[in-house]
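Read through the structure below, which is laid out as structure tokens, and then see the notes.
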Amino acid sequence: MDADRAEVGARAWIASHREIAEMNQYWYSPATISMMVRVIRRHCLGSPLGAEGAPVPARLECAFVSTPSIFFALDEAERASSRVLDYDRKLGTEQHGVLFYDYNEPDKLPSALKGAFRAVVIDPPFITRDVWEKYAETARWLLAPGGMVIATTVVENAPMMADLLAVHPNRFLPSIPNLPYQYALYTSFDAPDLDATNVEVPVDPAEMLRSAQAGAEAHRARAREAPVGGRGSAYDFEAMIEAAMKNGAAATAP
8 MDADRAEVGA RAWIASHREI AEMNQYWYSP ATISMMVRVI RRHCLGSPLG
58 AEGAPVPARL ECAFVSTPSI FFALDEAERA SSRVLDYDRK LGTEQHGVLF
108 YDYNEPDKLP SALKGAFRAV VIDPPFITRD VWEKYAETAR WLLAPGGMVI
158 ATTVVENAPM MADLLAVHPN RFLPSIPNLP YQYALYTSFD APDLDATNVE
208 VPVDPAEMLR SAQAGAEAHR ARAREAPVGG RGSAYDFEAM IEAAMKNGAA
258 ATAP
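The following block contains the structure:
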């Protein structure tokens, strides 16, 4: 099966590419990569339609932004119509579909890639809003109109992710063995495969989704009130994230 082949390929790639903790570089498990490849093949590579069910006028398939382990789990022919954008120059060269990417310069990319992709798959090295804003800017720059988004970050970021990229968390929780906390998997489209429970993860996905819902409701309530202020009356996004995380923790407390 294609998914099994993706898992085998992922195991081989992970075995030959050591994680760089100093760069917050942590790989998904082979089984999680296999699931993500399945979703990508079904919704991004195997269909001309976007998140809204309308055709996406894209020249290329997927941009894997800081997600090299998924890119290299694809077949060679699939990689030919996709690209991986990453800060780690050891991953390969443009000849291999690898482009250097620094999130501090979110649109410093070849002009030919602007609006070129049907989908983006994103996993930043940090979970804070300031970093996610830059990745979201990159995603919008890369995507063709109606393009799709797949992303991973903590469930406490659900309100922020909805704001920035119009994505929602799914029941399937990705396994990242060496990451000290649990991520959620977000999509801008409905993916039935992601309704499954990942047996690798010893966390109740229903509890995580309830936490995300509670955080979203708290976020909407705050939006109807005065914003959290920072210096110069600017929005203090860090305070907003902290508040969302506290609300999520309270919602799951016994």
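Heads up: the sequence shown begins at 8 in our numbering, then just goes up one per residue.
Even glycine gets a Cβ: it sits at the ideal position worked out from N, Cα and C.
Keep in mind that this is a model prediction, so the values were computed, not measured.
Nonlocal neighbours in the same chain, by C-beta distance under 8 Å from residue i, ignoring five residues either side
i	result
Asp202	Asn177, Arg178 and Phe179
Glu26	Gln32, Tyr33, Trp34 and Asn185
Asn111	Lys141
N- and C-terminal bounds of the alpha helix (DSSP H) containing residue i
i	result
Thr135	Thr135 -> no alpha helix (DSSP H), and no H or E assigned at all.
Arg45	Pro37 to Ile47
Arg86	Glu83 to Ala87
Phe78	Pro75 to Phe78
Asp170	Ala165 to Leu172
Close beta carbons around residue i, own chain, < 6 Å, minus the five adjacent residues each side
i	result
Val44	Ala13 and Ala80
Leu192	Thr159, Asn177, Phe179 and Pro181
Residues of its chain near residue i, where Cβ-Cβ distance is below 7 Å and the 5 sequence neighbours each way are ignored
i	result
Leu172	Ala143, Ala146, Val156, Ala158 and Ser195
Glu140	Leu171
Ala198	Val46, His50 and Asn177
For residue i, the three-state DSSP class (helix, strand or coil)
i	result
Ala13	helix
Ala250	Model confidence at Ala250 stands at a pLDDT of 47, short of 50, so the residue's coordinates are unreliable and nothing is read from them.
Ile21	helix
Arg147	helix
Glu26	coil
Leu297	For the chain, the structure presents residues 8 to 261; residue 297 sits outside this window and is missing.
Leu92	strand
Val161	coil
Glu101	helix
Cβ pair residue i, residue j closer than 7 Å
i	j	result
Ser76	Ile134	no
Asn164	Tyr33	no
Ala151	Pro64	yes
Arg66	Pro37	no
Leu92	Val72	yes
Arg90	Ala70	yes
Leu116	Val105	no
CA-to-CA distance, residue j to residue i, given in whole angstroms
i	j	result
Met168	Met30	22 Å
Gly237	Phe124	Confidence at Gly237 is low in this model, with a pLDDT of 39, below 50, so the placement of that residue should be treated as unreliable; the coordinate-derived value is given next. Using only the alpha carbons, I get a separation of about 36 Å.
Val206	Pro132	25 Å
Val208	Glu85	29 Å
His24	Glu68	25 Å
Glu101	Phe107	8 Å
Arg217	Thr74	27 Å
Ala221	Ala213	12 Å
Limits of the unbroken beta strand (DSSP E) element including residue i
i	result
Tyr193	Ala191 to Thr194
Phe107	Val105 to Phe107
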